[in-house]
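Note sheet for the following structure.
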Amino acid sequence: MKSLTTNVVIEARKLIKHFPLKLGFFKTLLSKQVPYVHAVDDVSFKIFGQEVFGLVGESGCGKTTTGRLLIRLIEPTAGEVVFKGINVTSINSEKEMRKLRSKMQIIFQDPYESLNPRMSVFDIIAEPLRIQNVTENEDELRERVLQTLEDLDLTPPEEFVFRFPHELSGGQRQRVAIGRAFVLRPEFLVADEPVSMLDVSIRSEVLRLLLGLIERYHSSFLYITHDVALARHMCGRIAVMYLGKIVEQGSTDKVIQEPMHPYTEALIAAVPVPDPEARRTKVVIKGEVPSAINPPPGCRFHTRCPYAWEICRKKEPPLAAIEKDRYVACHKYK
Amino acid sequence: MTLLQVKNLKMYYKTLRGYVQAVDDVSFEVNKEDSFGLVGESGCGKTSCALTILKLLPSNARIVKGNIIFEGKDLVKMKDKDLRRQIRWKRISMIFQGAMNALHPTYSIGRQISEAIILHEDVSRQEALERTGKFLELVGLEQDQIKRYPHELSGGMKQRVVTAMALACNPALVIADEPTTALDVIIQAQVLRVMKELRGKLKVAWMLITHDLSLITETCNKLAIMYAGKIVEYGDLASLYKETLHPYTEKLLTSFPSIVGPIRELSSIPGFPPDLLNPPKGCRFHPRCPQAMEICKGEEPILMKTHGEKHHVACHLYR
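As you go down the protein sequences, you meet chains R and S in turn. Heads up, the first sequence is in this note's numbering, so the first residue is 38 and it goes up one at a time. Heads up, the second sequence is in this note's numbering, so the first residue is 3 and it goes up one at a time.
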């Protein structure tokens with residue numbers, strides 16, 4: 038089944054998302070141009086069949102927006118999303134889009150907010166099945182929901198179906214949210230920091246379940262996280278984002294062991310290591326991420342970059358292939 | 003030299019359903035200029051423990067037993083008035099969890115920091131403001147930031163402001179409760195570096211409360227692992243890492259993904275932390291412990307010295 042793994046499942050092509058800034062009444066009258074938050078700016082990548090692709094970056098870098106654009110929860114300002122040869126962004130009919138949605142699902146960050154408190158676990162997991170009309174009758178629906186609960190180690194499932202979210206622990210809630218996403222056996226999933234709200238001792242169990250389900254249903258996966266160490270454990274390839282742009286992309290091992298972009302280097306150096314004997318060189322960069330309303334001209338990282346030259350202030354470096362499957366957007370490599 | 007000694011401290015919250023045993027028989031020592039880490043998962047009692055040291059407790063909390071000896075004085079027996087005048091902020095200060103979001107939005111940061119100085123020391127406003135500027139510089143902000151308001155500052159800068167505030171009265175001990183959880187890794191590394199530098203510069207001891215073990219290894223020289231209101235393992239960072247004794251510590255350590263070294267499977271602990279209203283009998287970890295024996299169900303292990311003076315563990319495996 039080699040062909041499966043080389044198949045592109047979903048592709049982002051030059052995705053751009055600018056959010057208009059809300060101004061006060063007088064400012065709207067006075068200003069000629071509406072300022073925009075440049076959340077995602079010209080982002081392209083491919084995710085292959087049965088692959089876990091990581092999107093890593095600090096808060097506000099646009100990783101969540103990218104995830105949402107990919108399953109068209111929000112409309113892009115420009116650019117395309119292609120899912121198995123279908124241009125998702127050009128679909129106009131609600132009906133067609135809904136059909137496609139059964140194949141692309143999302144798991145949100147906070148299981149305390151993403152589950153409806155008035156719905157029982159059964160209804161939460163059955164809802165996607167009902168909306169998509171995939172089951173013949175109620176018995177089949179029930180069977181499917183119970184099976185999903187069992188897949189998630191929420192056993193015995195009969196004990197969980199009538200519970201409400203407030204009767205579940207954080208880890209159990211997130212499993213229900215994962216169940217809701219997987220019950221339709223989607224081909225592509227976005228997980229937006231699925232374990233960042235959970236305690237460490239519970240985290241690994243949820244991740245193990247997640248990886249198991251991906252393998253079983255041959256799904257492809259976009260894993261959004263701020264935790265580089267976690268991405269290392271989950272993903273085959275990662276892309277590092279900074280201020281709405283991908284600055285580096287490649288196989289996880291290579292990007293983490295030999296980071297090429299100065300930002301990736303700084304990000305990885307800042308990650309604390311749970312081992313007192315691991316002494317590493319520390320390059321702590323100064324300053325903070327500039328505003329995405331007026332991103333710096335040229336390379337967006339030049340204001341904090343220890344290697345910045347003249348050209349970095351003027352010209353934006355393109356994301357260029359340095360070696361096979363390794364892309365870096367930096368003037369250092371030319 | 004010992005700065006703070008907590009002995010058999012028990013603090014319970016009284017609720018309608020009974021007593022929540024948030025801090026149960028906890029003992030540890032912090033030396034001068036130590037950096038002590040208190041680690042545990044959410045709800046294990048680490049914040050309660052810190053609040054008990056400063057006696058900043060809600061009305062339903064009771065210190066049931068134990069002593070908190072700080073610079074020779076027992077804070078448990080001390081009157082509230084004396085504690086306020088002599089200890090809080092002057093000798094022990096605290097960076098509360100989420101403190102950076104609790105800054106007063108309509109006061110300049112200079113005024114907020116100098117307020118703490120004026121309240122505790124007999125100085126003029128001018129002197130207090132000068133000192134504020136000095137402390138802002140120490141935490142890596144510029145002097146002229148003194149006139150700024152919280153909304154003009156970023157998260158990392160606000161965290162530096164509350165750090166400066168905690169240090170403003172030259173305390174001997176600063177308790178920092180999850181000081182970097184809301185920050186991104188790069189900013190976190192910057193703030194931790196400042197904390198590390200100031201330890202030597204100002205001769206201050208830190209007590210760092212966190213759920214993130216990797217932070218402790220980067221900043222502390224001594225740590226205690228808490229589980230369900232109790233300290234299960236306690237000792238020097240180096241010896242604790244070299245020889246992890248308690249099954250909980252071991253599981254906790256291996257459940258953190260690391261960015262260096264070989265990729266190993268992340269371990270997980272089945273079940274979830276117990277309800278502190280009705281903690282399990284015997285060792286509180288026994289229902290989740292892979293090495294639980296018969297004795298663990300009935301008899302509670304006590305925190306004892308093993309492997310030399312600097313390493314304590316509460317587990318029946320090491321009797």
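Using N, Cα and C, we set each Cβ at its ideal position, and we do this for glycine too.
Legend entry - Cross-chain neighbours of R/ALA329 in chain S, by beta carbon under 9 Å: Numbered from its first residue, the first sequence carries residue 329 of chain R at position 292. Within 9 Å Cβ-Cβ: nothing; R/ALA329 doesn't reach chain S, min ~13 Å.
Legend entry - the segment 77-93 of chain R / the segment 102-117 of chain R touching (three or more Cβ pairs under 8 Å): yes
Inset, instruction - Starting from R/VAL308, follow its DSSP beta bridges and name the residues at the other end. - result: Taking the first sequence and counting its residues from 1, one reaches residue 308 of chain R at position 271. Answer is none; R/VAL308 lacks a bridge partner.
Inset, instruction - With 8 Å as the threshold, decide whether the Cβ of S/GLY202 is near any Cβ in chain R. - result: Along the second sequence, read from residue 1 onward, the residue named residue 202 of chain S stands at position 200. No, S/GLY202 lies away from the interface with chain R (no Cβ there is under 8 Å from its Cβ).
Legend entry - Local conformation of R/PRO343 per DSSP, three classes: Here residue 343 of chain R refers to the residue found at position 306 when the first sequence is read from its first residue. The answer is coil: DSSP assigns R/PRO343 none of H, G, I, E or B.
Inset, instruction - Answer with buried or exposed for R/GLY99, where buried requires no fewer than 16 other C-beta atoms within 10 angstroms of its C-beta. - result: What you label residue 99 of chain R is simply residue 62 of the first sequence in a count that begins at 1. Buried, because 16 or more other Cβ atoms sit within 10 Å of the Cβ of R/GLY99.
Inset, instruction - Note down, in chain order, every chain S residue with its Cβ under 8 Å from the Cβ of R/PRO311. - result: Against the first sequence, residue 311 of chain R aligns to sequence position 274. Neighbours of R/PRO311 on chain S, chain order: LEU215, SER216, THR219, LEU255, PHE258, SER260.
Legend entry - Residue burial classification, S/VAL361 (beta-carbon count within 10 angstroms, cutoff 16): In the structure displayed, chain S extends from 3 to 321; residue 361 of chain S sits before or after that span and is not available.
Inset, instruction - Specify, as a first and last residue, the run of the alpha helix (DSSP H) that S/PRO249 falls within. - result: For this step, residue 249 of chain S is matched to residue 247 along the second sequence. Residues 249-256.
Legend entry - Beta-carbon contacts of S/PRO272 that lie in its chain and below 8 Å, excluding the five residues immediately before and after: Counted from its first residue, the second sequence places residue 272 of chain S at position 270. Correct list, in chain order: ARG290.
Legend entry - Runs of alpha helix (DSSP H) lying entirely within the segment 76-141 of chain S, each at least 4 residues, in chain order: 111-122, 127-140
Inset, instruction - Please name the residue or residues paired with R/PRO57 in a DSSP beta bridge. - result: Within the first sequence, residue 57 of chain R is the residue found at index 20, counting from 1. According to DSSP, which records beta bridges pairwise, R/PRO57 is partnered with R/TYR73.
Inset, instruction - Whole angstroms is fine: what's the gap from R/ASN170's alpha carbon to R/SER157's? - result: Reading the first sequence from its first residue, position 133 is the one you call residue 170 of chain R. Reading the first sequence from its first residue, position 120 is the one you call residue 157 of chain R. Computed Cα separation, rounded: 19 Å.
Inset, instruction - Taking R/PRO296 as the reference, give the member of R/ILE359, R/LEU246, R/GLU242 with the closest Cα. - result: Taking the first residue of the first sequence as position 1, residue 296 of chain R is located at position 259. Considering only alpha carbons, the answer is R/ILE359.
Legend entry - Alpha-carbon to alpha-carbon, R/GLN184 and R/THR191: Here residue 191 of chain R refers to the residue found at position 154 when the first sequence is read from its first residue. Here residue 184 of chain R refers to the residue found at position 147 when the first sequence is read from its first residue. Checking the displayed sequence, the identity of residue 191 of chain R turns out to be Leu instead of Thr. Those two C-alpha atoms are separated by around 10 Å.
Legend entry - Straight-line gap, S/LYS312 to S/LYS224 (C-alpha atoms, nearest Å): On the second sequence, residue 312 of chain S is found 310 positions in, with the first residue counted as 1. On the second sequence, residue 224 of chain S is found 222 positions in, with the first residue counted as 1. Going by the C-alpha atoms only, they are around 9 Å apart.
Inset, instruction - Check S/ARG150 in the structure and name its three-state DSSP category. - result: Counted from its first residue, the second sequence places residue 150 of chain S at position 148. Of the three classes helix, strand and coil, the one that applies to S/ARG150 here is coil, per DSSP.
Legend entry - Helix, strand or coil at S/ALA174 according to DSSP, with G and I counted as helix: As a first step, residue 174 of chain S must be located in the second sequence, where it is residue number 172. If DSSP states are grouped into helix, strand and coil, S/ALA174 belongs with coil.
Legend entry - Residue-level contact to chain S via CB, R/ARG105, 8 Å cutoff: Within the first sequence, the letter at position 68 stands for residue 105 of chain R. With 8 Å as the cut-off, R/ARG105 does not count as an interface residue toward chain S.
Inset, instruction - Taking R/LEU58 as the reference, give the member of R/ASN44, R/TYR73, R/SER68 with the closest Cα. - result: Taking the first sequence and counting its residues from 1, the one referred to as residue 58 of chain R is at position 21. Closest by alpha carbon: R/TYR73.
Inset, instruction - Inspect the beta-carbon positions of S/THR256 and S/LEU239 and report whether they are closer than 8 Å. - result: The residue you call residue 256 of chain S lines up with position 254 of the second sequence. The residue you call residue 239 of chain S lines up with position 237 of the second sequence. No. Outside cutoff.
Inset, instruction - Output yes or no for whether 8 Å exceeds the beta carbon distance between R/ARG210 and R/LEU152. - result: In the first sequence, residue 210 of chain R corresponds to position 173, counting from 1. In the first sequence, residue 152 of chain R corresponds to position 115, counting from 1. In contact: R/ARG210 and R/LEU152 (Cβ atoms closer than 8 Å).
Inset, instruction - Kindly confirm or deny that the segment 252-266 of chain R and the segment 301-311 of chain R touch, where touching means at least three C-beta pairs closer than 8 Å. - result: yes
Inset, instruction - Name the one or two DSSP bridge partners that R/ILE275 has. - result: Start at 1 with the first residue of the first sequence, and residue 275 of chain R comes out as number 238. In the DSSP output, where bridge partners are listed per residue, R/ILE275 has R/GLY91, R/GLY287.
Legend entry - DSSP-derived helix/strand/coil call for S/GLU144: For the purposes of this step, residue 144 of chain S is taken as the residue at position 142 of the second sequence. It is coil, neither helix nor strand.
Legend entry - Check whether R/SER288 and R/ASP236 have beta carbons under 8 Å apart: Within the first sequence, the letter at position 251 stands for residue 288 of chain R. Within the first sequence, the letter at position 199 stands for residue 236 of chain R. Contact: no.
Legend entry - Proximity test, Cβ basis, 8 Å: S/ASP82 and chain R: On the second sequence, position 80 is the one that residue 82 of chain S refers to. Cβ-Cβ to chain R under 8 Å: no for S/ASP82.
Inset, instruction - Output yes or no for whether 8 Å exceeds the beta carbon distance between S/TYR320 and S/LEU247. - result: Against the second sequence, residue 320 of chain S aligns to sequence position 318. Against the second sequence, residue 247 of chain S aligns to sequence position 245. Cβ atoms of S/TYR320 and S/LEU247: closer than 8 Å.
Legend entry - At least three beta-carbon pairs within less than 8 Å, the segment 223-231 of chain R to the segment 141-149 of chain R: yes
Inset, instruction - Keeping to the same chain, check which residues put their C-beta closer than 6 Å to that of S/GLY300; ignore five residues upstream and five downstream. - result: As a first step, residue 300 of chain S must be located in the second sequence, where it is residue number 298. Hits under 6 Å: GLY284.
Legend entry - Cβ neighbour criterion (16 or more within 10 Å) applied to R/THR42: Your numbering for residue 42 of chain R matches position 5 in the first sequence. Low local confidence applies: a pLDDT of 47 at R/THR42 is under 50, so the model's placement there is unreliable, with the coordinate-based value given in what follows. Exposed is the call here.
Inset, instruction - Taking all protein chains shown into account, decide if S/ALA104 is buried (16 or more other Cβ within 10 angstroms of its Cβ) or exposed. - result: Mapped onto the second sequence, residue 104 of chain S falls at position 102. Exposed: under 16 other Cβ atoms inside 10 Å.
Inset, instruction - Give, in chain order, every residue of the segment 126-155 of chain S whose Cβ lies closer than 8 Å to some Cβ of chain B. - result: Looking at the structure shown, chain B is missing, and the protein chains on hand are R and S.
Legend entry - Alpha-carbon spacing of R/LEU137 relative to R/PHE120, whole angstroms: Looking up residue 137 of chain R in the first sequence gives position 100. Looking up residue 120 of chain R in the first sequence gives position 83. For R/LEU137 and R/PHE120, the distance between alpha carbons rounds to 9 Å.
Inset, instruction - Give the interface partners of S/ILE265 over in chain R, defined as CB-CB distance under 9 Å, in chain order. - result: Numbered from its first residue, the second sequence carries residue 265 of chain S at position 263. The answer, in chain order, is ARG269, HIS270, ASP290.
Inset, instruction - Report, in whole angstroms, the separation of the C-beta atoms of S/ILE233 and S/ILE55, which I expect to be a contact under 8 Å. - result: Looking up residue 233 of chain S in the second sequence gives position 231. Looking up residue 55 of chain S in the second sequence gives position 53. The Cβ separation is near 14 Å, so there is no contact.
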